[in-house]
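Here's the structure, in structure tokens; my notes come after.
There are 2 protein chains.
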Amino acid sequence: MKKILIIGAGLSTGVLIDYLLENAEKYDWEITVGDISLETAEKKVKNNPRGSAIVFDINDDLDSWNIISKHDVVISMLPASLHHIVALKCIGLRKPMLTASYATDEIKALDDKARKAGVPILMELGLDPGIDHMSALSVINRIISEGGHMNSFYSFTGGLVAPESDNNPWNYKFTWNPRNVVLAGQGVSQYIQNNRYKYIPYHRVFDRILKRKILRYGDFEIYPNRDSLKYREIYGFKDIPTLFRGTIRKPGFAKAWNVFVQLGLTDDSYIIEDSENMTYRQFINAFMRYEPNVPVEIKLQEYCKNAEDPVVFEKLKWLGIFEDRKVGLKRATPAQILQKLLEEKWAMDPDDKDMIIMQHEFKFTNKDGEEKMIVSAMAYIGENQEKTAMAVTVGLPLAITTKLLLLGKINLKGVNLPVEEQIYKPVLEELKELGIVFEEKEYMVG
Amino acid sequence: MKKILIIGAGLSTGVLIDYLLENAEKYDWEITVGDISLETAEKKVKNNPRGSAIVFDINDDLDSWNIISKHDVVISMLPASLHHIVALKCIGLRKPMLTASYATDEIKALDDKARKAGVPILMELGLDPGIDHMSALSVINRIISEGGHMNSFYSFTGGLVAPESDNNPWNYKFTWNPRNVVLAGQGVSQYIQNNRYKYIPYHRVFDRILKRKILRYGDFEIYPNRDSLKYREIYGFKDIPTLFRGTIRKPGFAKAWNVFVQLGLTDDSYIIEDSENMTYRQFINAFMRYEPNVPVEIKLQEYCKNAEDPVVFEKLKWLGIFEDRKVGLKRATPAQILQKLLEEKWAMDPDDKDMIIMQHEFKFTNKDGEEKMIVSAMAYIGENQEKTAMAVTVGLPLAITTKLLLLGKINLKGVNLPVEEQIYKPVLEELKELGIVFEEKEYMVG
Chain X
21 MKKILIIGAG LSTGVLIDYL LENAEKYDWE ITVGDISLET AEKKVKNNPR GSAIVFDIND
81 DLDSWNIISK HDVVISMLPA SLHHIVALKC IGLRKPMLTA SYATDEIKAL DDKARKAGVP
141 ILMELGLDPG IDHMSALSVI NRIISEGGHM NSFYSFTGGL VAPESDNNPW NYKFTWNPRN
201 VVLAGQGVSQ YIQNNRYKYI PYHRVFDRIL KRKILRYGDF EIYPNRDSLK YREIYGFKDI
261 PTLFRGTIRK PGFAKAWNVF VQLGLTDDSY IIEDSENMTY RQFINAFMRY EPNVPVEIKL
321 QEYCKNAEDP VVFEKLKWLG IFEDRKVGLK RATPAQILQK LLEEKWAMDP DDKDMIIMQH
381 EFKFTNKDGE EKMIVSAMAY IGENQEKTAM AVTVGLPLAI TTKLLLLGKI NLKGVNLPVE
441 EQIYKPVLEE LKELGIVFEE KEYMVG
Chain B
21 MKKILIIGAG LSTGVLIDYL LENAEKYDWE ITVGDISLET AEKKVKNNPR GSAIVFDIND
81 DLDSWNIISK HDVVISMLPA SLHHIVALKC IGLRKPMLTA SYATDEIKAL DDKARKAGVP
141 ILMELGLDPG IDHMSALSVI NRIISEGGHM NSFYSFTGGL VAPESDNNPW NYKFTWNPRN
201 VVLAGQGVSQ YIQNNRYKYI PYHRVFDRIL KRKILRYGDF EIYPNRDSLK YREIYGFKDI
261 PTLFRGTIRK PGFAKAWNVF VQLGLTDDSY IIEDSENMTY RQFINAFMRY EPNVPVEIKL
321 QEYCKNAEDP VVFEKLKWLG IFEDRKVGLK RATPAQILQK LLEEKWAMDP DDKDMIIMQH
381 EFKFTNKDGE EKMIVSAMAY IGENQEKTAM AVTVGLPLAI TTKLLLLGKI NLKGVNLPVE
441 EQIYKPVLEE LKELGIVFEE KEYMVG
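Protein chains in written order, with my numbering: chain X, 21 to 466; chain B, 21 to 466.
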């Protein structure tokens, strides 16, 4: 019998916990779900005889040590900043740990310690990061093993509303953390193209979109991510001349979103004076010149040229940014005010479904010197508000990797990402059986 | 006999030290100039029998205590971040301290301690901050004492090249710290107009200029400063409906500078890959799309509309941004690379003179209910590379305030700015005698 501890039973953990509970009898597992709220943990366990719910408070140091010591493997679903504390305890107690979060520098610094203790700390086992690594490397490593040479890698991911629920002018709803969507792209975006480093400041990111048709889902646009360059090291092709990662949206999103960026509405660094008593119209007006005789709508079109486009203007109007309705948020930043407005309008209805879409584009020279291109794409539509595409694609790779680990099929120590065939091959195979399928096409180039 | 200690004998301290040395005999002062470099201190003392040069190292704690204890007043010309250390010692030893730097929160936190010790810590005694406070408050307090009510306050300052030395297409040269010029405006600019708070993100600041004619020097443009709102408290008119502070440049500067901001060249937060081997042309190209068949010049005009203006384009070309000449800076940020290029082109020639220009605009309702406006403006042209307008306008108010203090004419304790009549009145009077003159005009409004 193996004992699995899941720490944190928040919104996106249902699919992960269900998978483990469903497989518990077969593999002789006991599942403990720990959360700061016992009620939250109990809801996820659903009286399953193989499961138990407990209070887990990472701030209760002794209790945390105690609980972790009684399990064989730990899955941390806590906020990313807390993984470090869990990891130190797991290493001390020689318990493998798995998460769906980025391997931060703080986590990477534990590699040596974990390696010496013989403990695997497996990070980035969700969707993005997670499935993106696995699906990209399964192709890249095949290209290289067949004597090919990588020339270019583009990779795009998006969390969107499913086509059947796509009924607003933005073709977008919040299917994930709204705050992350509002702040997305801040900082400088860096990528490399034909060996030229390229830098895009935040206020130009939504100007610099790519366009693609993906699978049978029609047209999309892609804006650049901040961190493309770090994937050269992770994927082991330090000399690749072109590497670009981006975020997928429906066409027209970036042009309208850019109006908010140009105004400065996504800034989270300062408080708007008297935000509580301000209306949304006054909020927008605060970012433009004082001209009391010119309507806010007209000023906006003069100040942000994108807003002259009637399609963009319709999106803005639909959100209610010109309405004299009170914000009602105390001491709020511009980003918080914008988020509040968007949450009202971009909320998922109870019957709405979400969609994950991912596409990789690999250009390479094969062993015969031919230039080829492989496009590998996946789309997955959620079932309902619990089994969202996001929860499924984040939860399943983590659950499957935990199973592989407990079956003794993973032979890794220290901090690792799913860039090893022993992880990505069986995980991708099982994801395919479960309906998360990458379709691949190969083309001649030129 | 009174003993004056000046700590730090850097570039802009010549005028200050000269004033004190010239008055030393008359008032029976002894002047000690301390610097980390004895040679630098000696150069400023020029063998004056009333002066002496010493090594002063703020990191040598015991020695610093010792030297300060032997003087009656301390003027700190150290970098602003070090004033705090000097102030703590001055308070401990009950020695008055004066600086030309902003009263930071760290300094303000010493107010209580200084007050209890009976020690004046006089901050912001330079030009901006310094003369701006003094000249503004002399008018504001007069308006209020005559029964008037302030409705609006605009205030602009610029450090420019003098008209006779103004011979480049930017009408601008570095007359002060180049790094501060490159980074100017970053963050969000806040002001208030007719009781409406206004916010401008950095990437729009150079879009939001005002235009003014000032004195006999023709046309200028003004871009907004970050911190207008804090002056409501400093100047004691918390309810003023309109308050705006800005920086003065010659017309056309902001439109061209905005091209750099739009590209992202003023970012100081990350390192450009292989900056050492890059040319300036490649540097500019790194901020635009990869399109090897389109010249950088054409791409720039498409990407930054301001660059389509031939006057703007001429400014950019004159700087050499399109030249295939190596940057030669290791591990440099975009802002550092831009600064290097500008320092080559915007350097003052040995015979060049600089100019300080300042204008305040006060609108008020007088005791008879009439709406009036007072414009108060000052321009000062430097004599030579030592007696620059910047060194004179920063050094003299500090020197004069030190004299007033030693003559027992300042009765203040704790952290203070020159917002008290006992400081600004005599300082402005003496500045006038020395050629730093505010000209005032009054208008009816409407």
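Beta carbons: idealized from backbone N, C-alpha and C, even for Gly.
Rounded to whole angstroms, what is the Cα-Cα separation between residue i and residue j?
i, j, result
"Y323 of chain B", "I430 of chain X", "50 Å"
"A61 of chain X", "S32 of chain X", "13 Å"
"L113 of chain X", "A107 of chain X", "10 Å"
"K66 of chain B", "G30 of chain B", "15 Å"
"A274 of chain X", "G389 of chain X", "39 Å"
"Y192 of chain X", "I229 of chain X", "17 Å"
"G207 of chain B", "N436 of chain B", "27 Å"
"L102 of chain B", "I127 of chain B", "10 Å"
"V159 of chain B", "W196 of chain B", "28 Å"
"A409 of chain X", "F280 of chain B", "42 Å"
"I234 of chain B", "P183 of chain B", "13 Å"
"K335 of chain B", "P189 of chain B", "6 Å"
"L25 of chain X", "E406 of chain X", "21 Å"
"Y400 of chain B", "N187 of chain B", "19 Å"
For residue i versus residue j, is the C-beta distance shorter than 8 Å?
i, j, result
"K23 of chain X", "T52 of chain X", "yes"
"S244 of chain X", "N215 of chain X", "The sequence given here has Pro at residue 244 of chain X, not Ser. The answer is no: Cβ separation not under 8 Å."
"A411 of chain B", "E459 of chain B", "no"
"T286 of chain X", "G178 of chain X", "no"
"L145 of chain B", "L424 of chain B", "no"
"P221 of chain B", "L362 of chain B", "no"
"S121 of chain X", "M143 of chain X", "yes"
"F226 of chain B", "M368 of chain B", "no"
"Q213 of chain X", "Y310 of chain B", "yes"
"V181 of chain B", "M393 of chain B", "no"
"L432 of chain B", "P140 of chain B", "yes"
"K383 of chain B", "V465 of chain B", "yes"
"K115 of chain X", "D92 of chain X", "yes"
"I87 of chain B", "I74 of chain B", "yes"
Please report the residue range of the beta strand (DSSP E) in which residue i lies.
i, result
"Q210 of chain X", "V208 to Q213"
"R246 of chain B", "Counting along the chain, R246 of chain B falls outside any beta strand (DSSP E), and DSSP gives it neither H nor E."
"I51 of chain B", "W49 to D55"
"T262 of chain X", "T262 to R269"
"R216 of chain B", "R216 to P221"
Excluding the five sequence neighbours on either side, which residues of its own chain have a C-beta within less than 6 Å of the C-beta of residue i, listed in chain order?
i, result
"Q321 of chain X", "A327 and E328"
"D344 of chain B", "T299 and R301"
"I27 of chain X", "G54, F76, S96 and L98"
"C110 of chain B", "V94 and M117"
"F176 of chain B", "I242, G266, I268 and Q379"
Just curious, the alpha helix (DSSP H) that residue i is in, first and last residue?
i, result
"G480 of chain X", "Residue coverage of chain X in this structure runs from 21 to 466, which leaves residue 480 of chain X outside it and unanswerable."
"H169 of chain B", "Where H169 of chain B is concerned, there is no enclosing alpha helix (DSSP H), although the beta strand (DSSP E) it sits in stretches over H169 to V181."
"L108 of chain B", "H103 to L113"
"N86 of chain X", "D81 to S89"
"G71 of chain B", "Counting along the chain, G71 of chain B falls outside any alpha helix (DSSP H), though it belongs to the beta strand (DSSP E) covering G71 to V75."
"Y39 of chain X", "G34 to E42"
Check residue i in the structure and name its three-state DSSP category.
i, result
"R301 of chain X", "helix"
"Q379 of chain X", "strand"
"P315 of chain B", "coil"
"Y387 of chain X", "Reading off the sequence shown, one finds Lys at residue 387 of chain X, where the question assumed Tyr. The answer is coil: DSSP assigns K387 of chain X none of H, G, I, E or B."
"T408 of chain X", "coil"
"I341 of chain B", "coil"
"W190 of chain X", "coil"
"Y323 of chain X", "helix"
"E126 of chain X", "helix"
"V201 of chain X", "helix"
"Y463 of chain B", "strand"
"D374 of chain B", "strand"
"G415 of chain X", "helix"
Quick one: residues in its chain with C-beta nearer than 7 Å to the C-beta of residue i, no 5 flanking neighbours on either side, listed in chain order?
i, result
"V201 of chain X", "F194"
"V316 of chain X", "R301, I304, N305 and F342"
Between which residues of its own chain and residue i is the CB-CB distance below 8 Å, once the five residues before and five after are set aside?
i, result
"G340 of chain B", "Y300, L361, E364 and K365"
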